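Sequential numbering from 4 applies to the sequence shown in the numbering used here. C-beta atoms are modelled at their ideal positions from N, C-alpha and C, and glycine is treated no differently. Please read these numbers as outputs of a predicted model, since none were measured by experiment. Report on the structure given below.
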Amino acid sequence: FIDGQDKWPRIQVRKLREPDSAGNPHPITLAFDSQLAKNMPAALAPCENDLLNGTRFALAWRDEEVADFLDQTWIDGWLRESFLQYASQVENRSEQAIQQALRSFEYQAHWLNLLTLLGEQLTVPEVKFVTHTLSTPAIPVDLILDVGNTHTCGVLIEDHGEANDGLRQTAELQVRSLSEPQCLNDPLFTSRVEFSEARFGKQHFSVESGRDDAFVWPSIVRVGDEARALAMQRVGTEGSSGISSPRRYLWDETPALQDWRFSQIHGKTQREPLATAFPLMNLMNDDGQPLFRLPHEERLPVFSPQYSRSTLMTHMLCEILAQALGQINSVATRLRLGFPASPRQLRTLILTLPSAMPKQEREIFRQRMFEALALVWKAMGWHPQDEDFTTPKQREKSVVPVPEIQMEWDEASCGQLVWLYNEAISHYAGRTESFFNALARPDRQPEPGVVPGRALRVASIDIGGGTSNYALFDAGKVSGTACLNVGGRLLETDAQGRVVYAHQPGQMIIDEVFGSGTDARALAAAQLGQVARRMADLIVEVITGALSPLAQSLMQTGLLPADITPEVITLSGGVGECYRNQPADPFCFSDIGPLLATALHEHPRLREMNVQFPAQTVRATVIGAGAHTLSLSGSTIWLEDVQLPLRNLPVAIPQDDADLVNAWRQALLQLDLDPQTDAYVLALPATLPVRYAALLTVINALTAFVARYPNPHPLLVVAEQDFGKALGMLLRPQLPRLPLAVIDEVVVRAGDYIDIGTPLFGGSVVPVTVKSLAFPS
């Protein structure tokens, strides 16, 4: 050995609650900071010479090899503090015993014992840095990302040039837990984000060494299972720490009223810290806007993290980008996909979106992806922090090439492309003409100018939990897209097949099959099969063009082109996977997705069609009614004499702030609701200022509305603003006998329905589910 560097490797040893499947109780994780030393002492990190010379690094574990390392003040302090925490909190040692242990350097002995255990019992491999050269160029990687309202998944595709072999150089995006790094998420992970600072040990001792940028993680949120676990474990109530669906709030660019908080309690203060941390705190402002987009005089870092909910999508994409960058260059991925000595670089970011997503929201999504890309590149030191990132010339200043963003494809089209490519390459050796000839309908007359055997008409149906998305390809071009509000999770069940909840479109289908007003919870399993068969009819009707009135009412977009019969149908999504691999238990996903897959299998019209599947798919389970959002209300609500829970309440959103009474009435009439007999929710204008005068205006309007349209149902009011309790207190004397609920911090749009759950935390908050049954055009 020669003296090595100190600050770039770290190790974590954890004790599992139960041993893993191999019987191991303690997973060990090695982490390496691959940043090369620049403007810092060479002893703290590998340098460029180590890269050029092919220097190999190995674990130093014998006493004589680490003696000088232990003499450093910051190392001794790190070990001492870790020992003190364990001895006092876990072992409950007395103060006298702890002081005696410190005098005898017991904490250093424990560390040496651990090193000896690792050195003798494990084969820790040597480590060497590699970079791209003329003989081993960097391999470009494309990331296909599908960010849903409830779940997200991604695919990494490497380009091996002439060595490409179909889609075999692919890997599912796997999100790794940073708190428990031995845990990887399933390929389909929840879209929830939770603010949590990435911690790789004791940062204050790391800074004391003379290097403050070791183990930089360019994100301050977690996603997937880790985010869900953090949200469930949270005990603080000082402010919000996360959101269930950033995509649902892409359009909401209003700064938050309260500071966002990290979900973990700070050990010394027993309070949740503000959601701001290095390096992103120096790259954005309080509203979450990247500083490089602002004039120099307005570039102030984060002091009060009041990020808008729209910018939480930027935070989510920062985390996904960081995870993808780690995965593509991980040892495991390079060994599995080939060319392990070649580094990887992201070339393209392909975002798939619902066919019904409005252009305005698509543009906001593109902007959030671009901002996340800039923030990650600057946080990693790959692009000058204060330089603009907007133009291609400015992005050329990056040390690492900046990937291109593409958003031209919807989910159904991407599923179809996977099938087309894989079939042509894997089954027909790249002979697309033979492939098309084998599948073409014999009765099809070619379009003018199209050579027979050189074009194929394919329809893809992506059937998920809440919607079915269609894409029609004709002669290599997208000729139509559509979205139908039918999916496998419109009826949620228990393990025995009893319906526990029917979403509004599911109830509409039940009413048609069994009669208006049928209680979904009273349906038997055999009757659910009838509902599934009607759902299958609706899905097929969109393809054939002969839509029933119910199918027309469930359409979220326009129709597919008329009189076009596809040669091939491809099915994807959760229900598509169940169609391909039918589960033995029809209620294993607590919904009717498998029953819907069975009904599609048995549908006579679909059996006449040529249904195909891609050889490789990313599995999407039937658990995401994609246009639903669950959140908690604000903590200043007013509830009096209202029996909860309440479900499927339409929301009347005023379009005229000047005349709220008539605006609410007009909104109700557009929803086919009677102001004097139906149950509904009145929404307050989003632009309403939080001032006493504005509250008086709202109180006068609500009082006048109740007087003009007396209704036997409770008066239910929702507001984005954080003044629910104040409004309720002022409104109660004006309406003394009316059941009243005023729920704040709820964002709704035209066409939304909401569910209001049973109060939590002593009645201070209620769970609210916002359900969008139509996308705005």
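By the 10 Å Cβ neighbour count, where 16 or more other Cβ atoms means buried, how is residue i classified, buried or exposed?
i, result
"Pro-343", "exposed"
"Glu-580", "buried"
"Gly-26", "exposed"
"Pro-715", "exposed"
"Phe-306", "exposed"
"Ala-744", "buried"
"Pro-308", "buried"
"Phe-368", "buried"
"Gly-727", "buried"
"Asn-116", "exposed"
"Met-235", "exposed"
"Ala-628", "Because the pLDDT of Ala-628 is 30, which lies under 50, any placement of that residue in the model is unreliable, and the question is left without a value."
"Asp-168", "exposed"
"Pro-692", "exposed"
"Val-210", "exposed"
"Pro-22", "exposed"
"Val-534", "buried"
"Lys-10", "buried"
Below 6 angstroms CB to CB, which residues in the same chain sit around residue i once its five sequence neighbours on both sides are set aside?
i, result
"Asp-477", "Arg-460"
"Glu-723", "Ala-689, Val-750"
"Arg-17", "Pro-30"
"Gly-548", "Ala-565"
"Leu-741", "Leu-718"
"Leu-674", "Pro-653"
"Gln-388", "Lys-381"
"Leu-553", "Glu-515"
"His-163", "Gln-172"
"Gly-483", "Leu-475, Leu-563, Pro-564"
"Leu-633", "Note that Leu-633 scores 45 on pLDDT, short of 50, meaning its location in the model is unreliable and no value can be drawn from it."
Going by DSSP, what residue range makes up the alpha helix (DSSP H) through residue i?
i, result
"Ile-702", "695–711"
"Val-516", "507–517"
"Asn-488", "Premise fails: Asn-488 is in no alpha helix (DSSP H) and is neither H nor E."
"Gln-397", "395–398"
"Ala-70", "66–73"
"Thr-173", "Counting along the chain, Thr-173 falls outside any alpha helix (DSSP H), though it belongs to the beta strand (DSSP E) covering 173–175."
"Asp-79", "76–92"
"Gln-206", "206–211"
"Glu-544", "528–547"
"Asp-228", "227–236"
"Pro-12", "It is not in any alpha helix (DSSP H) - Pro-12 instead sits in the beta strand (DSSP E) that spans 12–16."
Excluding the five sequence neighbours on either side, which residues of its own chain have a C-beta within less than 7 angstroms of the C-beta of residue i, listed in chain order?
i, result
"Leu-420", "none"
"Gly-291", "Tyr-310, Ser-311, Thr-314, Thr-317"
"Arg-622", "The predicted model places Arg-622 with a pLDDT of 37, which falls under 50 and marks its position as unreliable; any figure quoted below should be read in that light. Excluding sequence neighbours, Arg-622 sits near Pro-190, Leu-191, Glu-580."
"Val-402", "Trp-385"
"Glu-200", "Ile-223, Phe-265, Ala-280"
"Leu-733", "Leu-698, Ile-702"
"Lys-205", "Trp-81, Glu-84"
"Asn-56", "none"
If I follow the unbroken beta strand (DSSP E) through residue i, where does it start and stop?
i, result
"Phe-476", "471–477"
"Asn-56", "Here Asn-56 belongs to no beta strand (DSSP E); instead the alpha helix (DSSP H) covers 51–56."
"Asp-465", "460–466"
"Ala-40", "Looking at the DSSP string, Ala-40 is not in any beta strand (DSSP E), and its letter there is neither H nor E."
"Leu-733", "From DSSP, Leu-733 is part of no beta strand (DSSP E) but of the alpha helix (DSSP H) over 727–734."
"Asp-571", "Residue identity check: residue 571 is Val in the sequence provided, not Asp. Where Val-571 is concerned, the enclosing beta strand (DSSP E) stretches over 571–575."
"Pro-653", "649–655"
"Leu-47", "Looking at the DSSP string, Leu-47 is not in any beta strand (DSSP E), and its letter there is neither H nor E."
Have a look at the DSSP bridge pairing and note the partners of residue i.
i, result
"Phe-192", "Thr-155"
"Met-287", "Pro-293"
"Phe-590", "None; Phe-590 has no bridge partner."
"Val-144", "Glu-161, Leu-349"
"Arg-179", "Leu-187"
"Leu-763", "Val-768"
Is any beta-carbon of chain C found at less than 8 angstroms from that of residue i?
i, result
"Gly-341", "Looking for chain C here will not work: only one protein chain is present."
With a threshold of 8 angstroms on Cβ separation, who are the neighbours of residue i within its own chain once the five nearest residues in sequence on each side are excluded?
i, result
"Leu-297", "Asn-288"
"Val-69", "Ala-63, Leu-115, Leu-118"
**Asked** Should the stretch 281–294 be called in touch with the stretch 207–226, which here means at least 3 C-beta pairs below 8 angstroms?
**Response** yes
**Prompt:** For the 8 angstroms Cβ check, are there 3 or more pairs between the stretch 137–147 and the stretch 182–202?
**Reply:** no
**Message:** Could you check whether the stretch 556–575 touches the stretch 499–507, counting it as contact only if at least three pairs of C-beta atoms, one from each stretch, sit closer than 8 angstroms?
**Reply:** no
**Asked** If we count Cβ pairs, one from each stretch, closer than 8 angstroms, do we get three or more for the stretch 142–153 versus the stretch 344–359?
**Response** Contact holds between the stretch 142–153 and the stretch 344–359, because three or more Cβ pairs, one in each stretch, are under 8 angstroms apart.
**Asked** Okay, do the stretch 593–610 and the stretch 530–539 touch, 3+ Cβ pairs below 8 angstroms being the bar?
**Response** yes
**Cβ contact check for the stretch 747–763 and the stretch 639–648: 3 or more pairs under 8 angstroms** = yes
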